[in-house]
Amino acid sequence: MSEELTVQNCADFEPNSNMRRWFEAAYETSSLSPTTISAYCGIHRNTFYYWQSIPGFQEWWTREMKMVEQRMKWRLIDIGLKAAKNGSYKHWRSLMEFFDMLPHTRLTELK
């Protein structure tokens, strides 16, 4: 019975304004550190730990992070393409390694 209730609550989860503010602060600071995010947005870091116990919060957080990750990939690819167009292929190679399209190399090998 409690499992059904949890699933229902997950489906009905809607983040509040502080949760959205926390997420935006994580994005803007490029940090997942609760201390850093808390200092930036003014929401106590223990609030974040409490939110993790709310059914649906972690699923929402993960979904939002995946969308940000995809946007960042597009930006990074754009940066790599522009750098390659200007003759710098180190950026492009680093991006391909980052996306696991090439085996990782040591920085000394790229010089």
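Note that our numbering has the sequence shown beginning at 19, numbered continuously upward.
For glycine and all other residues, C-beta sits at the position ideal for the given N, C-alpha and C.
Note that the structure is a prediction, hence the values are computed from the model and not measured.
Compute the distance between the beta-carbons of residue i and residue j, then report whether it is under 7 angstroms.
i: R63; j: T53; result: yes
i: F116; j: E82; result: no
i: N36; j: I61; result: yes
Round the Cβ separation of residue i and residue j to the nearest angstrom and send it over; I've been treating them as touching at under 8 angstroms.
i: G98; j: W110; result: 4 angstroms
What is the DSSP secondary structure of residue i, reduced to helix, strand or coil?
i: Q70; result: coil
i: Y116; result: Strictly speaking, residue 116 in this sequence is Phe, with Tyr absent from that position. It is helical.
i: H62; result: coil
i: P52; result: helix
i: S106; result: coil
i: E32; result: coil
Which same chain residues, not among the five before or five after residue i, have their C-beta less than 8 angstroms away from its C-beta?
i: V66; result: Contrary to the premise, residue 66 reads as Phe rather than Val in this sequence. Cβ neighbours of F66 beyond the five flanking positions: W40, P52, I55 and S56.
i: L50; result: A44
Skipping 5 residues on each side, what residues in its chain have a beta carbon closer than 7 angstroms to that of residue i?
i: C59; result: R39, W40 and A43
i: Q70; result: Q76
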